[in-house]
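Participant:
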Amino acid sequence: MADRDDDDDDSNYMNERDDDNHNSSPPAKRIKLANSEQTSSILTADSVKVYLGEHPEFLDSYIQQNIQTNTIEQWISKRSQNISSSISPSSSTSIPIATSHKNCISTSIIKNDDVKRKTSSQSSQQISITTAKSMNTLVELSDKRRLLHELTDEVNQNVSKAEILYELSKSIASTVSADEFNLYLVDETGTSMRLFSADNDDEQAACFVPIEIGPGHCLAGYVAWSKETVRINNMATLDMEKYPDGLYVKDDKVTAVMAHPIINTSGTLLGVVEFYRISSAIPFSDDDEDETLKCVNELFTQTYYELYHSMTRERRLNDFLLAVTKSIFQELVSMDAVMLKIMSYAKKLVNADRASLFMVDSRTKELYARIFDIGREENDVLDSSFVNDQNGRVHKQSSSDEHACIHFPMDKGIAGYVATTGKTLNIVDAYSDERFNRDIDQKTGYKTKTLLCMPIMIQGNVIGVVQMVNKKNGPFTKSDEESFETFAVYCGLALHHASLYDRIRRSEQKCKVALEVLSYHASCADEEYERYKRQELPSNIPGLRQFEFSPWSVANDMKPVYVLYMFCDLANMDPLHVNRFDMECLIKFTLTVRKNYRNVPYHNWSHAFSVAHAIYTVIKETKHQFTPNQCIALFVACLCHDLDHRGKTNDYMVKSASTLASIYSTSTMERHHFNQTVTILQTDSHNIFKHFSSKEYRQMLDEIRHCILATDLVLFFENRPKLERVVDNSQFDWNNKEHIQRLQSLSMTAVDLCAMYKPWPIQQNVVNTIMDEFWQEGDEEKRRGIQPLSLMDRSLAHELPKNQVNFINSICVPCYSLIARILPETMPMLNGARSNLQRWQELADEHQSSRTSTTTTSTNISKEINDSTQTHQPTSS
Numbered sequence: 096m097a098d099r100d101d102d103d104d105d106s107n108y109m110n111e112r113d114d115d116n117h118n119s120s121p122p123a124k125r126i127k128l129a130n131s132e133q134t135s136s137i138l139t140a141d142s143v144k145v146y147l148g149e150h151p152e153f154l155d156s157y158i159q160q161n162i163q164t165n166t167i168e169q170w171i172s173k174r175s176q177n178i179s180s181s182i183s184p185s186s187s188t189s190i191p192i193a194t195s196h197k198n199c200i201s202t203s204i205i206k207n208d209d210v211k212r213k214t215s216s217q218s219s220q221q222i223s224i225t226t227a228k229s230m231n232t233l234v235e236l237s238d239k240r241r242l243l244h245e246l247t248d249e250v251n252q253n254v255s256k257a258e259i260l261y262e263l264s265k266s267i268a269s270t271v272s273a274d275e276f277n278l279y280l281v282d283e284t285g286t287s288m289r290l291f292s293a294d295n296d297d298e299q300a301a302c303f304v305p306i307e308i309g310p311g312h313c314l315a316g317y318v319a320w321s322k323e324t325v326r327i328n329n330m331a332t333l334d335m336e337k338y339p340d341g342l343y344v345k346d347d348k349v350t351a352v353m354a355h356p357i358i359n360t361s362g363t364l365l366g367v368v369e370f371y372r373i374s375s376a377i378p379f380s381d382d383d384e385d386e387t388l389k390c391v392n393e394l395f396t397q398t399y400y401e402l403y404h405s406m407t408r409e410r411r412l413n414d415f416l417l418a419v420t421k422s423i424f425q426e427l428v429s430m431d432a433v434m435l436k437i438m439s440y441a442k443k444l445v446n447a448d449r450a451s452l453f454m455v456d457s458r459t460k461e462l463y464a465r466i467f468d469i470g471r472e473e474n475d476v477l478d479s480s481f482v483n484d485q486n487g488r489v490h491k492q493s494s495s496d497e498h499a500c501i502h503f504p505m506d507k508g509i510a511g512y513v514a515t516t517g518k519t520l521n522i523v524d525a526y527s528d529e530r531f532n533r534d535i536d537q538k539t540g541y542k543t544k545t546l547l548c549m550p551i552m553i554q555g556n557v558i559g560v561v562q563m564v565n566k567k568n569g570p571f572t573k574s575d576e577e578s579f580e581t582f583a584v585y586c587g588l589a590l591h592h593a594s595l596y597d598r599i600r601r602s603e604q605k606c607k608v609a610l611e612v613l614s615y616h617a618s619c620a621d622e623e624y625e626r627y628k629r630q631e632l633p634s635n636i637p638g639l640r641q642f643e644f645s646p647w648s649v650a651n652d653m654k655p656v657y658v659l660y661m662f663c664d665l666a667n668m669d670p671l672h673v674n675r676f677d678m679e680c681l682i683k684f685t686l687t688v689r690k691n692y693r694n695v696p697y698h699n700w701s702h703a704f705s706v707a708h709a710i711y712t713v714i715k716e717t718k719h720q721f722t723p724n725q726c727i728a729l730f731v732a733c734l735c736h737d738l739d740h741r742g743k744t745n746d747y748m749v750k751s752a753s754t755l756a757s758i759y760s761t762s763t764m765e766r767h768h769f770n771q772t773v774t775i776l777q778t779d780s781h782n783i784f785k786h787f788s789s790k791e792y793r794q795m796l797d798e799i800r801h802c803i804l805a806t807d808l809v810l811f812f813e814n815r816p817k818l819e820r821v822v823d824n825s826q827f828d829w830n831n832k833e834h835i836q837r838l839q840s841l842s843m844t845a846v847d848l849c850a851m852y853k854p855w856p857i858q859q860n861v862v863n864t865i866m867d868e869f870w871q872e873g874d875e876e877k878r879r880g881i882q883p884l885s886l887m888d889r890s891l892a893h894e895l896p897k898n899q900v901n902f903i904n905s906i907c908v909p910c911y912s913l914i915a916r917i918l919p920e921t922m923p924m925l926n927g928a929r930s931n932l933q934r935w936q937e938l939a940d941e942h943q944s945s946r947t948s949t950t951t952t953s954t955n956i957s958k959e960i961n962d963s964t965q966t967h968q969p970t971s972s
């Protein structure tokens with residue numbers, strides 16, 4: 096490090112001089128007395144100058160106590176300008192201004208008239224450099240604040256860290272009168288540095304080998320390691336142990352070097368900057384070192400100060416936007432409510448007096464507003480009672496149309512310009528802008544001064560315009576624009592969601608109306624209800640509880656009577672259920688269910704009745720442990736399990752991209768059947784469970800849903816193996832909820848296929864009906880260009896016996912075998928299925944024998960024809 100003895104001597108000398116002057120000078124208040132011997136006691140400018148020259152400490156004290164800082168800065172600025180203006184191109188003394196030093200980079204030169212050319216002696220050169228340094232220092236000090244602000248602005252504008260440090264190094268080089276400098280930046284590893292290229296010339300930078308940080312290398316590496324400033328005023332005295340490689344960039348003209356580490360406020364090393372003086376005997380001093388450290392510290396302090404305030408503003412804006420988002424998106428009540436909140440929050444964001452929100456009508460190319468303006472109070476709203484007439488002027492409308500909107504053409508006014516162009520407008524004087532419409536001010540008596548108008552956009556399209564009126568503390572600023580631009584994004588999302596919410600709300604209202612109409616037309620007729628109400632239920636129906644009973648033999652008009660009889664019989668199993676069901680409600684429910692089955696070949700009301708009868712038989716004939724509510728749920732589920740069936744399978748509904756398939760991705764029709772059941776129960780006059788508690792009602796719906804979904808055969812293949820393992824291990828437990836649910840699912844499959852165990856004549860008729868529905872689906876698929884399954888292909892009707900054998904073997908027999916192991920009383924179901932299986936197998940064998948016989952006969956005939964042809968063929972001559 097360089098010695099500081101010379102500077103200390105100068106300082107002592109000045110202190111002694113100040114003491115002498117102080118002791119020999121009278122107090123400032125006695126100036127007049129000191130001049131009393133003169134002919135005039137009035138002070139003159141010359142006498143004041145003389146006094147201030149002799150008493151500089153008085154001038155210092157007076158300036159510090161009475162002169163404002165900005166005034167001093169103005170003095171320095173004027174002094175700097177005077178110095179700059181005194182520089183003349185004709186002067187012959189050259190003062191080097193530092194530039195980035197690389198072997199190929201030159202030095203810029205400034206010529207100074209005030210410095211006389213004395214090249215014959217070393218002292219004249221020193222005087223010239225000292226004078227130049229003083230002038231440059233004065234200029235740099237006056238511009239230091241401007242420089243720091245510029246560098247801070249560059250930081251905020253996302254300029255790279257390297258560029259900021261380079262500009263700082265260049266400024267410091269000029270301040271300390273360095274001829275040249277080099278900047279080395281630490282790489283990502285933190286173990287080496289590279290020479291920074293101001294021109295971002297990667298090829299040029301690549302030719303430099305990385306500088307290893309630590310002692311035993313070059314000067315820059317040592318300074319980076321020690322994090323201390325090193326001054327070398329005699330290049331011959333380089334410490335070969337600390338930095339044997341000397342300077343990284345070699346230059347024999349360098350006479351003095353000052354290497355300074357650049358360390359941020361957290362103590363992290365960013366790089367090293369080396370300042371050089373060339374062919375000069377003036378060394379770098381402590382003042383140069385202090386000035387360098389001061390500039391670096393001031394830059395980081397100013398930068399972090401600006402960053403702190405910027406982060407504070409961002410945090411406040413984020414908190415504000417979060418509050419806006421919560422308030423708007425958590426309470427999407429209506430479009431008007433959202434618009435009112437947006438205007439209220441917008442006013443708070445930019446401190447505006449009033450706000451307006453216009454929506455774009457893309458169809459009519461107009462702007463409209465239902466809530467036009469908000470005053471100083473939240474409830475001070477200028478609503479749509481103001482409208483514009485045919486000439487575009489605003490007027491008060493009659494009370495009969497007070498719900499109409501204000502409409503503005505999109506090509507008129509400031510809001511129209513913003514909506515058309517999508518550009519933001521910040522207007523300082525509204526009345527001086529020809530686009531401003533004064534009609535509203537004239538009607539309301541309100542004076543508009545400043546305006547901030549911004550578009551609200553969604554997916555690149557303008558959907559609205561927000562207009563802020565009269566900022567309370569001056570014009571709207573650039574910061575207001577930036578904050579409001581971010582806020583506008585949230586406004587767009589909020590308005591878009593509010594619009595969607597309005598559409599959904601209107602759709603829900605339309606849906607309610609449609610359901611009311613559907614409920615009216617889907618409900619039973621009053622005459623029909625009255626007729627069944629007058630009819631008494633039979634006390635007993637012979638043979639109804641037998642598994643062989645044919646529900647298809649019951650007349651259509653009598654089926655509702657049988658349903659009511661079975662329902663009441665099941666309800667009477669529990670004394671608590673006797674008075675819980677209203678007969679009038681039961682009649683309407685049963686008749687409405689019947690009406691909601693479509694007229695399709697198989698999945699119609701007759702099928703529903705047969706399945707309901709089958710589960711009634713199981714419940715009444717077996718020693719089960721289902722609860723009374725579970726029994727009622729099973730019966731209702733069977734009665735409703737195919738409501739609104741369209742005569743098509745789930746696979747067809749998915750392939751045809753039906754609306755139901757888009758709503759229900761799995762078990763499409765089964766979920767629709769349950770939904771129709773709930774729709775009927777939601778009508779009070781049809782709700783057979785209206786006397787149940789809320790908990791019981793939910794449990795009943797859950798049971799019904801589970802049972803209806805179990806009729807999907809896909810679920811049967813998942814359920815049967817699991818239940819079979821439980822039975823195989825003798826673990827079935829009537830108190831286990833999962834076991835009960837699996838048995839319910841198995842029971843639903845068994846009764847849904849009840850035709851498979853009915854006597855043979857019934858079996859044949861029902862199977863033919865089922866195939867008629869399947870073949871209709873196959874015909875429809877063929878029309879769509881889809882090859883149907885063989886089971887649904889009408890051209891393969893002769894394979895029906897074989898298909899039935901496969902169906903009963905793979906589904907019916909396993910199902911009835913398993914349920915008979917749990918409920919042995921259901922053995923007639925298994926026996927009936929096996930009996931029908933035998934009959935179908937006989938038909939399949941007969942068909943196969945017939946085909947074989949036909950094939951053999953055809954073969955024999957063809958052989959005889961061929962033999963006969965060969966026997967009677969004429970011989971050639």
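The sequence shown begins at 96 in this note's numbering and counts up by one.
Ideal placement from N, C-alpha and C gives every residue a C-beta, glycine not left out.
From Lys345, Ser266 and Pro378, pick the residue whose C-alpha is nearest to that of Leu388; which is it?
Facilitator: Considering only alpha carbons, the answer is Ser266.
Participant: For Gln725, is the classification buried or exposed, using 16 other Cβ atoms within 10 angstroms of its Cβ as the cut-off for buried?
Facilitator: Buried, by the Cβ-count rule.
Participant: Contact defined as beta carbons within less than 8 Å: I believe Leu918 pairs with His708. What is the distance between those atoms, to the nearest angstrom?
Facilitator: Contact flag wrong, Cβ pair sits at about 17 Å.
Participant: What does Asp456 pair with, by DSSP beta-bridge criteria?
Facilitator: According to DSSP, Asp456 bridges with Glu461.
Participant: Candidates Thr139, Ile558, Pro356 and Val344: which alpha carbon is nearest Lys322's?
Facilitator: The shortest C-alpha separation from Lys322 is found at Pro356.
Participant: I'd like to check one pair, Asp807 with Glu765: are the Cβ atoms closer than 7 Å?
Facilitator: A contact, by the Cβ cut-off of 7 Å.
Participant: By the 10 Å Cβ neighbour count, where 16 or more other Cβ atoms means buried, how is Lys853 classified, buried or exposed?
Facilitator: Buried, because 16 or more other Cβ atoms sit within 10 Å of the Cβ of Lys853.
Participant: Assuming contact is defined by CB atoms lying nearer than 7 Å, are Lys567 and Asn446 in contact in what I supplied?
Facilitator: Their beta carbons are under 7 Å apart, which means Lys567 touches Asn446 by this criterion.
Participant: Compute the Euclidean distance between the alpha carbons of Met406 and Ala418, then round it to the nearest angstrom.
Facilitator: Distance between the alpha carbons of Met406 and Ala418: 18 Å.
Participant: On the DSSP bridge assignment, give the partners of Cys313 in chain order.
Facilitator: In the DSSP output, where bridge partners are listed per residue, Cys313 has Gly341.
Participant: Mind checking which residues open and close the beta strand (DSSP E) that includes Arg629?
Facilitator: Looking at the DSSP string, Arg629 is not in any beta strand (DSSP E); the run it does join, the alpha helix (DSSP H), is Asp621 to Arg629.
Participant: Do you know whose CA, among Asp282, Leu333, Pro339 and Thr774, lies nearest Val367's CA?
Facilitator: The option with the nearest alpha carbon to Val367 is Asp282.
Participant: Measuring only from the beta carbon, is Lys683 closer than 6 Å to any heavy atom that is part of the ligand MG?
Facilitator: Among the components of this structure there are no ligands whatsoever, and the ligand MG is therefore not found.
Participant: May I ask you to report which of helix, strand or coil DSSP gives Ile786?
Facilitator: It is worth fixing the name first, because residue 786 is His in this sequence and not Ile. Looking at His786 - three-state DSSP - the assignment turns out to be coil, as it is neither helix nor strand.
Participant: Quickly, what does DSSP pair Leu546 with across the bridge? List them, please.
Facilitator: Partner(s): Ile522 and Val564.
Participant: If you follow the alpha helix (DSSP H) that Asn904 is in, where does it begin and where does it stop?
Facilitator: That residue, Asn904, is in no alpha helix (DSSP H); it is neither H nor E in DSSP.
Participant: Would you mind stating whether Leu686 and Val561 have Cβ atoms separated by less than 7 Å?
Facilitator: Cβ atoms of Leu686 and Val561: not closer than 7 Å.
Participant: Only counting the same chain, and skipping five residues up and downstream in sequence, which positions put a Cβ closer than 6 Å to that of Asn532?
Facilitator: Within the same chain, Asn532 has close Cβ partners Gly508.
Participant: Look up Val557 in the DSSP assignment and give the residues it is bridged to.
Facilitator: Paired residue(s): Met552.
Participant: Can you give the Cα-Cα distance for Val695 and His740, rounded to whole angstroms?
Facilitator: Distance between the alpha carbons of Val695 and His740 is about 8 Å.
Participant: Within 10 angstroms of its Cβ, does Asn814 collect 16 or more other Cβ (buried), or is it exposed?
Facilitator: Classification for Asn814: buried.
Participant: Tell whether a beta-carbon distance below 7 Å holds between Met552 and Gly587.
Facilitator: Yes; because the gap between Cβ atoms is below 7 Å, this pair is in contact.
Participant: Using DSSP with H/G/I as helix, E/B as strand and the rest coil, what is Thr717?
Facilitator: If DSSP states are grouped into helix, strand and coil, Thr717 belongs with coil.
Participant: Evaluate contact between the region 810-824 and the region 902-920, counting only Cβ atoms and requiring at least three cross-stretch pairs below 8 Å.
Facilitator: Yes, since at least three Cβ pairs between the region 810-824 and the region 902-920 fall closer than 8 Å, the two stretches touch.
Participant: Within a Cβ cutoff of 8 Å, which residues of the same chain sit near Cys390, ignoring the five residues on either side of it in sequence?
Facilitator: Around Cys390: Lys239, Leu263, Ser266, Ile267 and Thr270.
Participant: Assign Arg449 to one of three DSSP states: helix, strand, or coil.
Facilitator: Reduced to three states, the DSSP call for Arg449 is strand.
Participant: Do Trp935 and Val900 come within 7 Å of each other at the CB atom, strictly closer than that value?
Facilitator: Against a cut-off of 7 Å, the Cβ pair of Trp935 and Val900 comes out as a contact.
Participant: Using a Cβ-Cβ cutoff of less than 7 Å, which residues in the same chain neighbour Met887 once the five nearest sequence positions on both sides are dropped?
Facilitator: Excluding sequence neighbours, Met887 sits near Phe869, Trp870, Glu872 and Gly873.
Participant: Under the three-state reduction of DSSP, which class applies to Glu132: helix, strand or coil?
Facilitator: Low per-residue confidence applies at Glu132: pLDDT is 42, beneath 50, and the placement is therefore not dependable, though the value from the model is reported in the following sentence. In this structure, Glu132 counts as coil in the three-state DSSP scheme.
Participant: Please state whether DSSP places Pro969 in a helix, a strand or coil.
Facilitator: For Pro969, the predicted structure reports a pLDDT of 41, less than 50, and the residue's modelled location is therefore unreliable. A value from the coordinates is still provided. It is coil, neither helix nor strand.
Participant: For the pair the region 641-650 and the region 751-759, tell me if three or more CB-CB distances fall below 8 Å.
Facilitator: Touching, no.
Participant: Starting from the Cα of Thr515, find the closest Cα among Ala525, Val557 and Cys619 and give me that residue.
Facilitator: Minimum Cα distance to Thr515 is reached at Val557.
Participant: For the alpha helix (DSSP H) that Met764 lies in, which residues bound it at each end?
Facilitator: Where Met764 is concerned, the enclosing alpha helix (DSSP H) stretches over Thr763 to Leu776.
Participant: Please state if the CB of His767 and the CB of Asp737 are separated by a distance shorter than 7 Å.
Facilitator: No. Outside cutoff.
Participant: Using the Cβ count rule (16 or more neighbours within 10 Å means buried), how would you classify Leu147?
Facilitator: Exposed: under 16 other Cβ atoms inside 10 Å.
Participant: Can you tell me whether Met678 is buried or exposed? The criterion is at least 16 other CB atoms within 10 Å of its CB, across all chains shown.
Facilitator: Met678 should be labelled exposed.
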